[in-house]
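Shown next, in structure tokens, is the structure this report addresses.
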Amino acid sequence: MAKPAASLLPHLRRIVTSHDCKGIAVVQSDNVIPSEAMELVHGARGATLWITTDSIPTGENNKDEDGGKRRVDDPSNFDLVPPTGTNLRSTELAPGAITAMHRTSSLDFNILVSGELVLICEDGTEKHLKNAGDTVVQKGTMHAWRNPSQLGHDG
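To convert a position in the sequence shown, counted from 1, into our numbering, add 991.
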């Protein structure tokens, strides 16, 4: 059997936030997660960024409802995160914009698609995400986001 192809994509950076013994949001880890050959699929590679084992199976597998059209009614989570279940969303932050320090009760997976972004933790730690695929796993921590890019100047 032929040797699996080398990865054409860069390794993924994963930042995980948590809380210290005083309950302050901190960066727990900042690691590069290399992809590995998948034995069951020739020529494929994969990387495990996070596994959650405490709320499966889901009742969603055989529903026709479009989950992207559901509305969340939970002001304690900014009407963004349901009190149970999961939430996958996309966010775009304009150049120079910064969010307020905030927290949701959810486990959030933030994957940089393009551009750059700065994660600001409650303890003041800042992590600069610069590469597509850089990932932050947020475990219900206080944080803010800042886009350090500057607006372009069109003549």
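In this text, a Cβ means the ideal position worked out from N, Cα and C, and glycines have one as well.
**Asked** By Cβ distance below 6 Å, which residues in the same chain neighbour Val1007 in space, the five residues on each side in sequence not counted?
**Response** Closer than 6 Å at the Cβ level, and outside the excluded window around Val1007, lie Gln1019, Ser1020, Val1128.
**Request:** Check Lys1130 in the structure and name its three-state DSSP category.
**Result:** strand
**Asked** Identify the residues that DSSP records as bridge partners of Cys1112: which are they?
**Response** His1134
**Request:** Please go through the same chain and pick out, in chain order, the residues whose beta-carbon is closer than 8 Å to the beta-carbon of Val1023, but skip the five residues on each side of it.
**Result:** His1002, Leu1003, Arg1004, Arg1005
**Message:** What does the alpha-carbon distance come out to for the pair Ser1009 and Ala1016?
**Reply:** Distance between the alpha carbons of Ser1009 and Ala1016 is about 6 Å.
**Request:** Report the three-state DSSP secondary structure of Asn1068 (helix, strand or coil).
**Result:** helix
**Prompt:** On the three-state DSSP scale, how would you describe Lys1060?
**Reply:** DSSP, read as helix, strand or coil, puts Lys1060 in helix.
**Request:** Look up Glu1027 in the DSSP assignment and say whether it is helix, strand or coil.
**Result:** strand
**Request:** Identify the continuous beta strand (DSSP E) that holds Asn1101 and give its terminal residues.
**Result:** Counting along the chain, the unbroken beta strand (DSSP E) around Asn1101 starts and ends at 1098-1102.
**Buried or exposed by the 16-neighbour rule on C-beta atoms within 10 Å, applied to Gln1141** = exposed
**Prompt:** Counting along the chain, where does the beta strand (DSSP E) carrying His1002 start and finish?
**Reply:** Careful: His1002 lies outside any beta strand (DSSP E) and carries neither H nor E.
**Request:** Classify Trp1041 as buried or exposed, calling it buried when 16 or more other Cβ atoms lie within 10 Å of its own Cβ.
**Result:** Burial call: exposed.
**Item:** Range covered by the beta strand (DSSP E) that runs through Lys1118
**Value:** Note, Lys1118: beta strand (DSSP E), 1117-1120.
**Request:** For Leu1031, count neighbouring C-beta atoms within 10 Å of its own C-beta (all shown protein chains included) and say buried if the count is 16 or more, exposed if not.
**Result:** exposed
**Message:** Helix, strand or coil for Gln1141? Go by DSSP, reduced to three states.
**Reply:** Coil, per DSSP.
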